[in-house]
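Take a look at the structure set out below.
Residue numbers (our numbering): 44 to 111.
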């Protein structure tokens with residue numbers, strides 16, 4: 044992935060990149076620690092999924108404004 048992205052998209056792509064990083068870290072934690080609480084994992088995962096859905100919703104609104 045290129046570091047230089049159009050300024051309008053910058054915030055969205057970095058948020059998605061952070062989500063992917065966090066997801067990888069959670070999966071590493073899960074595999075390393077068997078006693079890692081799944082409830083915490085599910086809560087964090089739900090929060091991250093919500094953030095991604097919000098970003099995609101904003102992106103959809105932005106695209107629809109550009110088209111029409």
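Quick reminder that beta carbons are idealized off the backbone N, C-alpha and C, glycines included. Every value quoted in this text rests on a predicted model; they were computed, and no experiment measured them.
If you draw a straight line from the alpha carbon of residue 94 to that of residue 109, how long is it in whole angstroms? So the alpha carbons of these two residues sit roughly 23 Å apart.
Neighbour-count burial assignment, residue 102, 16 or more Cβ in a 10 Å radius: Exposed, because fewer than 16 other Cβ atoms sit within 10 Å of the Cβ of residue 102.
Report whether the distance from the Cβ of residue 86 to the nearest heavy atom of the ligand NAP is below 7 Å. For the ligand NAP, the structure offers nothing, since it holds no ligand at all.
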